[in-house]
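Written below as C-alpha cells is the structure these notes are about.
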Amino acid sequence: MPVLVVIPARYASTRYPGKPLVALTGAGGTSKSLIQRSWEAASAVNGVDRVVVATDDDRIRSAAEAFGAEVVMTAETCANGTERCAEALENLGGGYDIVVNLQGDAPLTPHWFVEDLVTGLQNDPMAEVATPVLRCDGRALNGLLDDRKAGRVGGTTAVFTKDRHALYFSKEVVPFTSKTYGDSDETPVFHHVGVYAYRPSALAAYPKWDAGPLEGLEGLEQLRFLERGRPVLCVEVEARGRQFWELNNPEDVPRIEAMMAEMDMQ
Numbered sequence: 109m110p111v112l113v114v115i116p117a118r119y120a121s122t123r124y125p126g127k128p129l130v131a132l133t134g135a136g137g138t139s140k141s142l143i144q145r146s147w148e149a150a151s152a153v154n155g156v157d158r159v160v161v162a163t164d165d166d167r168i169r170s171a172a173e174a175f176g177a178e179v180v181m182t183a184e185t186c187a188n189g190t191e192r193c194a195e196a197l198e199n200l201g202g203g204y205d206i207v208v209n210l211q212g213d214a215p216l217t218p219h220w221f222v223e224d225l226v227t228g229l230q231n232d233p234m235a236e237v238a239t240p241v242l243r244c245d246g247r248a249l250n251g252l253l254d255d256r257k258a259g260r261v262g263g264t265t266a267v268f269t270k271d272r273h274a275l276y277f278s279k280e281v282v283p284f285t286s287k288t289y290g291d292s293d294e295t296p297v298f299h300h301v302g303v304y305a306y307r308p309s310a311l312a313a314y315p316k317w318d319a320g321p322l323e324g325l326e327g328l329e330q331l332r333f334l335e336r337g338r339p340v341l342c343v344e345v346e347a348r349g350r351q352f353w354e355l356n357n358p359e360d361v362p363r364i365e366a367m368m369a370e371m372d373m374q
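Residues 109 to 374 (the numbering used here) are what the sequence shown spells out, left to right.
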C-alpha cells in the first residue's frame, strides 16, 4: 500500500508567525529550523514511499529545498493542515493508499509513532482516519496543567471508546482527574500526537465540509471528522523512553531544546 507523508507548513500562524523557520538547537549545538527537524523525523519513518513539504510561502519553500526536501505549493486559503494535505495529494495526482499528515510543529515525533499509526489504519477497515495517542506520565500531565493555568494553549488530549474510536479531542485537559501524580506515575490522560493517517477518500471529502461549531471553538481540525460522524481511530503508541512535545508557543522552544538535550538528539 503506497504511503505518502505530507508536512503542511504555513508562515502566517496566528499564535506564532514564522514558526516553521524557528531554529531549534540540538544536544551537540547544531541549529536547524523546525521544518527541517520535522522533515528529518518524517524521513526516518520506515515503509514510506514519498515525503513532501506542503506550503503556501516562498520563504518556507526556499528553506525546505535548501536542505533537500521536495516541496508542493498549495493555496493560501487552506484553513488547516488537513486541507493542505488534501490539496497536496490532488496536486501530486493521487496514487497513494494512505496519506500521513505529520504536522510541521512536531519534530520530536519518533518514527514508530507513524509506523504504528499506518498499521493501525490498515488493520481497522471501519476507520477512515487514524491518529496516535500517548498515555501521559505525571510529568507530561503536569506540563499540560501548568500551561492551562498560565493561560497558554499547550498539547491536545483525547478520549476514546473501548475499541479506540475517538469520542472527543480538546485543548483542555480531559478527562478531569483530581489526583496528584508524580513525574513517573501513569495517568488516565492521553496526549494527542499531532499526526494523522487518512484514507484518500476521507481526505478528499474533508475540504468540502463546512467546519462545525466544535472545530471552531477548539481550533482542532480533526473534530470536523467527528462532527460528520466519521470514525477516527486512536492508536496508542509507546514513548520507549522518548519525550514528546509540540511547538505551539514561543515558550515551547526552550522546553523542546531541553528535551533534545536530555535525549542526546543532535
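Where is the CB? At the ideal position from N, CA and C, for every residue including glycine.
Quick check: what's the CA-CA separation for residue i versus residue j?
| i | j | result |
| --- | --- | --- |
| Asp-271 | Arg-260 | 32 angstroms |
| Thr-264 | Glu-280 | 7 angstroms |
| Asn-154 | Met-109 | 13 angstroms |
| Pro-125 | Tyr-119 | 6 angstroms |
| Gly-137 | Glu-370 | 13 angstroms |
| Tyr-204 | Ser-292 | 40 angstroms |
| Gly-202 | Ile-115 | 16 angstroms |
| Cys-193 | Lys-257 | 33 angstroms |
| Val-113 | Leu-331 | 21 angstroms |
| Gly-349 | Arg-338 | 33 angstroms |
| Ala-366 | Gln-211 | 21 angstroms |
| Ala-274 | Phe-268 | 4 angstroms |
| Asp-164 | Lys-287 | 45 angstroms |
| Val-111 | Glu-173 | 21 angstroms |
| Ile-364 | Leu-249 | 16 angstroms |
| Ala-162 | Ser-278 | 26 angstroms |
When you compare each of the options to residue i by their alpha carbons, which one comes out closest?
| i | options | result |
| --- | --- | --- |
| Cys-342 | Gly-228, Gly-349, Ala-248, Leu-253 | Gly-228 |
| Asp-318 | Arg-307, Leu-129, Tyr-306, Glu-335 | Glu-335 |
| Gly-290 | Arg-247, Glu-198, Asp-255, Val-160 | Arg-247 |
| Ala-177 | Asp-165, Glu-294, Arg-158 | Arg-158 |
| Ser-309 | Leu-249, Ala-235, Glu-323, Leu-322 | Ala-235 |
| Val-361 | His-219, Ala-214, Asp-245 | Ala-214 |
| Thr-122 | Leu-225, Asn-199, Asn-356 | Asn-356 |
| Phe-175 | Val-226, Ser-139, Val-207 | Ser-139 |
| Tyr-276 | Asp-245, Phe-333, Cys-244, Lys-287 | Phe-333 |
| Arg-307 | Ala-162, Val-226, Ile-364, Thr-288 | Val-226 |
| Ala-187 | Glu-354, Val-340, Asp-245, Ala-117 | Ala-117 |
| Val-160 | Ala-131, Thr-185, Glu-354, Asn-199 | Asn-199 |
Whose C-beta lies closer than 6 angstroms to the C-beta of residue i among residues of the same chain, with five residues either side of it excluded?
| i | result |
| --- | --- |
| Gly-134 | Met-368, Met-373, Gln-374 |
| Thr-379 | With the chain represented from 109 up to 374, any question about residue 379 goes unanswered, as that position is not in the structure. |
| Gly-262 | Leu-252, Asp-255 |
| Glu-294 | none |
| Ala-305 | Ile-206, Val-208, Leu-225, Val-226, Leu-229, Ala-238 |
If I measure Cβ to Cβ from residue i and keep anything under 7 angstroms in the same chain, skipping five residues before and after, which residues do I get?
| i | result |
| --- | --- |
| Leu-242 | Phe-298, His-299, Val-301, Val-345, Ala-347, Phe-352 |
| Pro-432 | Shown here, the chain extends from 109 to 374; a query on residue 432 therefore has no answer. |
| Phe-221 | Pro-240, Val-301, Val-303, Val-345 |
Quick check on the burial criterion: 16 or more other C-beta atoms within 10 angstroms. Buried or exposed for residue i?
| i | result |
| --- | --- |
| Lys-316 | exposed |
| Asp-254 | exposed |
| Thr-217 | buried |
| Glu-323 | buried |
| Glu-195 | buried |
| Leu-197 | buried |
| Lys-127 | buried |
In its own chain, which residues sit with a C-beta less than 8 angstroms from the C-beta of residue i, not counting the 5 before and 5 after it?
| i | result |
| --- | --- |
| Leu-129 | Tyr-119, Ser-141, Leu-142, Ile-143, Arg-167, Ile-168, Ala-171 |
| His-219 | Ala-149, Ala-152, Val-153, Asn-154 |
| Leu-311 | Thr-190, Cys-193, Ala-194, Leu-197, Val-207 |
Is the segment 179 to 197 touching the segment 142 to 159 in the sense that three or more CB pairs, one from each, lie closer than 8 angstroms? no
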